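Protein chains: 2
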Amino acid sequence: MQTSESLDKVAEELSKLPSIGRKTAHRIAMYLAKSPAEDVIRLSDALLQLKDKIKLCSICCNITESDPCNICESPKRNKFSICIVEEPGDVFAIEKTNEFKGLYHVLHGIISPLDGIGPEDIKVKELLMRLSGHIDEIILALNPSVEGEYTITYLSKLIKPLNIKISRIARGIPVGTDLEFADEITIAKAIEGRIIL
Amino acid sequence: MQTSESLDKVAEELSKLPSIGRKTAHRIAMYLAKSPAEDVIRLSDALLQLKDKIKLCSICCNITESDPCNICESPKRNKFSICIVEEPGDVFAIEKTNEFKGLYHVLHGIISPLDGIGPEDIKVKELLMRLSGHIDEIILALNPSVEGEYTITYLSKLIKPLNIKISRIARGIPVGTDLEFADEITIAKAIEGRIIL
Numbered sequence: 122m123q124t125s126e127s128l129d130k131v132a133e134e135l136s137k138l139p140s141i142g143r144k145t146a147h148r149i150a151m152y153l154a155k156s157p158a159e160d161v162i163r164l165s166d167a168l169l170q171l172k173d174k175i176k177l178c179s180i181c182c183n184i185t186e187s188d189p190c191n192i193c194e195s196p197k198r199n200k201f202s203i204c205i206v207e208e209p210g211d212v213f214a215i216e217k218t219n220e221f222k223g224l225y226h227v228l229h230g231i232i233s234p235l236d237g238i239g240p241e242d243i244k245v246k247e248l249l250m251r252l253s254g255h256i257d258e259i260i261l262a263l264n265p266s267v268e269g270e271y272t273i274t275y276l277s278k279l280i281k282p283l284n285i286k287i288s289r290i291a292r293g294i295p296v297g298t299d300l301e302f303a304d305e306i307t308i309a310k311a312i313e314g315r316i317i318l
Numbered sequence: 122m123q124t125s126e127s128l129d130k131v132a133e134e135l136s137k138l139p140s141i142g143r144k145t146a147h148r149i150a151m152y153l154a155k156s157p158a159e160d161v162i163r164l165s166d167a168l169l170q171l172k173d174k175i176k177l178c179s180i181c182c183n184i185t186e187s188d189p190c191n192i193c194e195s196p197k198r199n200k201f202s203i204c205i206v207e208e209p210g211d212v213f214a215i216e217k218t219n220e221f222k223g224l225y226h227v228l229h230g231i232i233s234p235l236d237g238i239g240p241e242d243i244k245v246k247e248l249l250m251r252l253s254g255h256i257d258e259i260i261l262a263l264n265p266s267v268e269g270e271y272t273i274t275y276l277s278k279l280i281k282p283l284n285i286k287i288s289r290i291a292r293g294i295p296v297g298t299d300l301e302f303a304d305e306i307t308i309a310k311a312i313e314g315r316i317i318l
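Dropping the structure here:
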């Protein structure tokens, strides 16, 4: 097939991104090739600016433009409560609920012995440094995967001796879903975690 | 929600692309924020190069880096047969089949009176200029939509007086699909277009 080198290059780079397959990457490259130059330049600039400005917060390890990040700096947040998450995206997901008023700690990964990822490969050291100060409560908001469970076990063993209240977010039936569509393990966890009324 | 301006900017630009919704755009922006700087710079550069190098072939109007494009220039192609398509992506789709050995003409759109798109808004003038030379056959490979049908009717009326053989690609049951899943119109067109064995 005779095609264009610069088009293939864009498609190749795009297909490395999450949720973009080879066909979609090619379609987007085609679209960009036909778009006005200023649109493409705006996208290209936004990408460069992103790498220029984004860094990790020296306290919570979330991605931020200012250090410490807005959340860690805010006087309205409860500095004695820390919610531990895997990725920056999880912070945004929890913030959208407006339910949690404490601070976060982003691990940037999860312990996965099978993939050779140990506690030293994620931000556990940074977490322990924070725990040396006064902390009332830790909430583990990790995904309920095998690795998530492993990491929860690891962290709770690490934190319990420090006399800090530690909890994990509930597993159960997603709101708006029919019980009949949920898998057995989720239903079992939902029953196990039932709340007395 | 407290978030980052440069991250939002990337997400906004990405969400303008086809097949990328708001949520996916945000996930990709997050991913890029965490990626090594050189990966993001490579993507940004590829985008700029694309706009720098890509132009339209002065013969077939396909996107190309060299003018005339590789297909129009190739001595192996039959210069007396032209396949008319809507978009550059259609050329790539047909080239992949290795079935067609002629040249192409990319309309960059389709006639759609409801959207106010007339023959003067797509590359019809460029097509007519090509037809003033010696051409044996025109194949209309337009999508079988309402606008596609309209454009096919328009073009065939325009081309027929020129004494050029004109055809449209077949409508029928997609290969690998069960007849029972095809819609009535497709089945009707498949029967209408049956091939005598």
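In the order they appear, the protein sequences are chains A and B. Heads up, the first sequence is in our numbering, so the first residue is 122 and it goes up one at a time. Heads up, the second sequence is in our numbering, so the first residue is 122 and it goes up one at a time. Every residue gets a Cβ at the ideal spot worked out from N, C-alpha and C, and that includes glycine. Here the structure is a predicted model, which means the values were calculated and not measured.
Counting only Cβ pairs nearer than 7 Å, list the residues of chain B close to residue i.
i	result
A/Ser125	Ile175, Ile184, Thr185 and Glu186
A/Ala303	Going along chain B, no residue has its Cβ under 7 Å from A/Ala303, so there is no contact; the nearest lies around 23 Å.
Measuring straight from C-alpha to C-alpha, what distance separates residue i and residue j?
i	j	result
A/Pro295	A/Phe201	29 Å
B/Ile175	B/Ser253	27 Å
A/Ser233	A/Glu208	15 Å
A/Pro189	B/Ala158	21 Å
B/Ile205	B/Leu263	7 Å
B/Ile273	B/Leu261	7 Å
A/Ala154	B/Leu171	7 Å
A/Ile280	B/Ser136	41 Å
A/Ser179	A/Ile243	14 Å
B/Ala132	B/Leu249	42 Å
A/Thr130	A/Ala150	In the sequence on display, residue 130 of chain A carries Lys and not Thr. Going from the Cα of A/Lys130 to the Cα of A/Ala150 covers about 9 Å.
A/Gly210	B/Ser140	21 Å
A/Met122	B/Ile215	Any reading at A/Met122 must be qualified, since the residue scores a pLDDT of 46, below 50, and its modelled position is unreliable; the value itself is stated next. Those two C-alpha atoms are separated by around 9 Å.
A/Glu301	B/Thr298	32 Å
A/Arg148	B/Ala303	26 Å
A/Ile308	A/Pro265	13 Å
A/Ile203	A/Leu283	14 Å
Considering only their Cβ atoms, is the gap separating residue j from residue i smaller than 8 Å?
i	j	result
B/Ser165	A/Leu169	yes
B/His226	B/Arg198	no
A/Ile285	A/Ile256	yes
A/Glu339	B/Glu186	The structure shown has nothing for residue 339 of chain A, since chain A only spans 122 to 318.
B/Tyr152	A/Leu177	no
B/Glu268	B/Ile231	yes
B/Leu235	B/Cys181	no
B/Pro240	B/Tyr271	no
A/Glu134	B/Ala146	no
Candidates the options: which alpha carbon is nearest residue i's?
i	options	result
A/Ile259	A/Lys197, A/Ile287 and A/Glu208	A/Ile287
B/Phe213	A/Leu128, A/Asp299 and A/Arg289	A/Leu128
A/Glu220	A/Leu283, A/Glu241, A/Ile290 and A/Ile231	A/Ile290
A/Arg292	A/Asp299, A/Glu313, A/Glu301 and A/Phe302	A/Glu313
A/Lys222	A/Ile162, A/Pro196, A/Val245 and A/Lys310	A/Pro196
B/Arg173	A/Ile162, A/Asn183 and A/Val245	It should be noted that the sequence gives Asp, not Arg, for residue 173 of chain B. Among A/Ile162, A/Asn183 and A/Val245, the Cα nearest to that of B/Asp173 belongs to A/Ile162.
Going along chain A, which residues have a C-beta under 7 Å from residue i?
i	result
B/Gly210	Arg148 and Met151
B/Glu134	Arg163, Leu164 and Ala167
B/Ala158	Lys172
Chain B partners of residue i, CB-CB under 8 Å?
i	result
A/Val161	Leu168, Leu169, Leu171 and Lys172
A/Leu224	The contacting residues do not exist; A/Leu224 stays about 12 Å from chain B at best.
Starting from the beta carbon of residue i, find every residue of chain B whose beta carbon is closer than 9 Å, and list them in chain order.
i	result
A/Val131	Leu164, Ala167, Leu168, Gln170 and Leu171
Please confirm whether residue i has its beta-carbon closer than 8 Å to some beta-carbon of chain B.
i	result
A/Ala309	no
A/Leu263	no
A/Pro196	no
A/Met122	Annotation note: pLDDT 46 at A/Met122 (below 50); position unreliable, coordinate value reported separately. Output row for A/Met122: interface = yes.
Using a Cβ cut-off of 8 Å (strictly closer), state whether residue i contacts chain A.
i	result
B/Ile238	no
B/His252	Residue identity differs from the one stated: residue 252 of chain B is Leu in this sequence, not His. With 8 Å as the cut-off, B/Leu252 does not count as an interface residue toward chain A.
B/Leu228	no
B/Pro139	yes
B/Asp128	Per the sequence shown, residue 128 of chain B should be read as Leu rather than Asp. For B/Leu128, the answer is yes, since a Cβ of chain A falls inside 8 Å of its Cβ.
B/Thr145	yes
Name, please, each residue of chain A whose Cβ falls closer than 8 Å to the Cβ of residue i.
i	result
B/Lys200	Those do not exist, as B/Lys200 stays about 15 Å from chain A at its closest Cβ, beyond 8 Å.
Chain A partners of residue i, CB-CB under 9 Å?
i	result
B/Ala154	Leu171, Lys172, Ile175, Ile184 and Pro209
So with Cβ pairs under 8 Å, would you call residue i a contact of chain C?
i	result
A/Leu235	Considering every chain present, this structure includes no chain C. Its protein chains are A and B.
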